[in-house]
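Numbering (mature numbering (1 follows the signal peptide of the UniProt record, and there is no 0)), first residue to last: -21 to -1, 1 to 422. What follows is one structure encoded as structure tokens, with my remarks underneath.
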């Protein structure tokens, strides 16, 4: 049965209506849709579970036959044999949790078969690549709160017939699905429509964040992730997904920076003041520094992974070349982040200059007001003084004589004296320099 999907549009509460048009009646249509959803393998059943339970730990398990085919398997650690190999992936919840809580989640899922030392090597912060009990272990975990958009963690334990990987939060491009599966047909698997969100035309309402998840996968209906045929091929897929995830974050930052820059160009004083009050660019600059730290961890770890993988007999030359390309992509990504940081610095400098200009303008207006009112204050102060009773004022018959003139002379003498105090050292230094210069010419 052919299903054609047409997008109706967004509604105000963040929902998207998708109309499903078929050549069946309404009851038969509902039964056929339900039968399809139950018969197909879920694209990401963990995403549905995590959407309902945000603090839950996601897990996926796959079995590969080494010839380009795979199937989902139950969560039970078993290594493959011959050409077969298995992949077990854990998605830690992206909420504020300590390292001990993350380690406890992995212990509940992976111990046994993993030992405590292996689990700690997966969950610790910082870059690492080495061998633990004969298995290749690497991690590129950045410190920081787990709920932050700029905290990335990827780690894996690799053996000849199995891979156990751990990531922080869902990585949309990491999952695998068959080429024949349509992403839009699987959209209803990600979130069950609530009562009242289906109308009599057969429209299915899915939430906006589910559609964004599908768009982040960045694959058409006829294209899926290439199925790994070896452990090294799977390792390249995991690292490539991590690098693509970083690239998506950098692209979003560029789009956000472009929109803010356009808003500043079109906006007025109120927009600039709001941006300065929100400290938007300092926060963005801090996020960029954290992103650079994540990329630096990858630059330290992935070349060592390539080096250690080259010594394994089961690694392919093409996979090593792919790792080298990913390392080069990381370097280019670092340059892009550097360019964005320079743009942020330039815009922040422009805002600081604008703020300084506004302050200087206010000081200029204040100076004009002072120029207007200061002489008036002096005049009212001078003519309002009572000079009688000053000791050095000559008084005859209790009447002051030349008192006002003497006070004015005092007013003039004080600034002249202060001016001489400031000018005399500089004048002396200039005279001494002129004298030395003349002495040098005479000699």
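Ideal Cβ placement from N, Cα and C applies to all residues, glycine included. On a predicted model such as this, the values are computed, not experimentally measured, just so you know.
Under the three-state reduction of DSSP, which class applies to residue 84: helix, strand or coil? Helix.
Host beta strand (DSSP E) of residue 275 (start-end): That residue, residue 275, is in no beta strand (DSSP E); its alpha helix (DSSP H) goes 259 to 289.
Flag this pair as yes or no: are the beta carbons of residue 68 and residue 133 separated by less than 8 Å? Result no, Cβ atoms of residue 68 and residue 133 do not sit closer than 8 Å.
Quick one: Cα of residue 117 to Cα of residue 242, how far? In a straight line, the C-alpha of residue 117 is about 43 Å away from that of residue 242.
For residue 108 and residue 153, the rounded distance between their alpha carbons: If you draw a straight line from the Cα of residue 153 to the Cα of residue 108, it comes to about 21 Å.
CA nearest to the CA of residue 326, picked from 61, 244 and 86: Taking each of 61, 244 and 86 in turn and checking the Cα distance to residue 326, the smallest one comes out for 244.
Around the Cβ of residue 407, are there at least 16 other Cβ atoms within 10 angstroms (buried) or fewer (exposed)? Label assigned to residue 407: exposed.
Could you check if residue 415 belongs to the surroundings of the ligand MG, using beta carbon to heavy atom distance under 7 Å? Absence of the ligand MG is noted for the structure shown, with no ligands found whatsoever.
On the criterion of 16 or more Cβ atoms from any shown chain inside 10 Å, does residue 321 qualify as buried, or is it exposed? Exposed is the call here.
Do you know whose CA, among 146, 114, 271 and 124, lies nearest residue 138's CA? For residue 138, the nearest C-alpha among the options comes from 114.
Just to check my reading of the structure: residue 276 and residue 119 have Cβ atoms closer than 8 Å, yes? What is that Cβ distance to the nearest angstrom? Contact holds; Cβ gap of about 4 Å.
Alpha-carbon spacing of residue 105 relative to residue 122, whole angstroms: One C-alpha to the other measures close to 7 Å.
With contact counted as at least three CB pairs below 8 Å, one residue from each stretch, are the segment 40 to 53 and the segment 81 to 100 in contact? Verdict: no, contact absent.
Alpha carbons only, please: which of 341, 342 and 225 is nearest the one belonging to residue 267? Distance from the Cα of residue 267 is smallest, within the candidate group 341, 342 and 225, for 225.
Helix, strand or coil at residue 97 [DSSP, three-state]: If DSSP states are grouped into helix, strand and coil, residue 97 belongs with the helices.
Out of 395, 345, 340 and 237, state which residue places its alpha-carbon closest to the alpha-carbon of residue 423. Since the displayed the chain opens at -21 and closes at 422, residue 423 lies outside it and no answer follows.
If you run the structure through DSSP and keep just helix, strand and coil, what is residue 241? In the displayed model, residue 241 falls within a helix according to three-state DSSP.
Spatial neighbours of residue 229 within its chain, please: CB distance less than 8 Å, with the 5 preceding and 5 following residues excluded, ordered by chain position. Excluding positions up to five away in sequence, the list reads 270, 312, 315, 316 and 319.
Three-state secondary structure (DSSP) at residue 386? Here residue 386 sits in helix by DSSP.
With distance defined between alpha-carbon atoms, name the residue in 417, 75 and 62 nearest to residue 293. Looking at the Cα atoms, 62 is the closest of the given residues.
Count the other CB atoms within 10 Å of the CB of residue 231; is the residue buried (16 or more) or exposed (fewer)? Counting other Cβ atoms within 10 Å of its Cβ, residue 231 stays below 16 and is therefore classed as exposed.
Does DSSP classify residue 119 as helix, strand or coil? Three-state DSSP puts residue 119 in a strand.
Could you check whether the segment 299 to 313 touches the segment 252 to 263, counting it as contact only if at least three pairs of C-beta atoms, one from each stretch, sit closer than 8 Å? No: the two stretches stay apart, fewer than three of their Cβ pairs being nearer than 8 Å.
Please name the residue, chosen from 208, 396 and 345, that lies closest to residue 46 on a Cα-to-Cα basis. Looking only at 208, 396 and 345, the smallest Cα-Cα distance to residue 46 is reached by 208.
Quick one: grab the DSSP three-state call for residue 246. Three-state result, residue 246: coil.
Do residue 145 and residue 101 count as a contact pair if the criterion is CB distance below 8 Å? For residue 101 and residue 145, yes; Cβs fall inside 8 Å.
Helix, strand or coil: which one does DSSP assign to residue 139? Secondary structure at residue 139: coil, using DSSP grouped into helix, strand and coil.
Just verifying my parser: in three-state terms, what is the DSSP assignment at residue 225? In this structure, residue 225 counts as helix in the three-state DSSP scheme.
Rounded distance between the beta-carbons of residue 37 and residue 149, thought under 8 Å: Taking a contact as a CB-CB distance under 8 Å, the pair residue 149 and residue 37 counts as one, their CB atoms being some 7 Å apart.
Taking all protein chains shown into account, do 16 or more other C-beta atoms lie within 10 angstroms of the C-beta of residue 298, making it buried, or fewer, making it exposed? It counts as buried.
Could you check if residue 65 is buried or exposed, using at least 16 other CB atoms within 10 Å of its CB as the buried criterion? Residue 65 is buried by the Cβ-count criterion.
Would you mind stating whether residue 333 and residue 251 have Cβ atoms separated by less than 8 Å? Cβ distance < 8 Å, so residue 333 and residue 251 count as in contact.
Report the CB separation of residue 135 from residue 234 in whole angstroms; it is logged as a contact under 8 Å. Contact doesn't hold; Cβ gap of about 31 Å is too wide.
Inspect the beta-carbon positions of residue 274 and residue 309 and report whether they are closer than 8 Å. Their beta carbons are under 8 Å apart, which means residue 274 touches residue 309 by this criterion.
Can you tell which of 272, 405 and 306 has its C-alpha closest to the C-alpha of residue 283? Distance check between residue 283 and each of 272, 405 and 306 places 306 closest, using alpha-carbon atoms only.
Close-in-space but distant-in-sequence residues of the same chain around residue 131 (CB under 6 Å, 5 per side omitted): Its chain contains 121 and 273 as the residues whose beta carbon lies nearer than 6 Å to that of residue 131, once the 5 sequence neighbours on both sides are disregarded; these appear in chain order.
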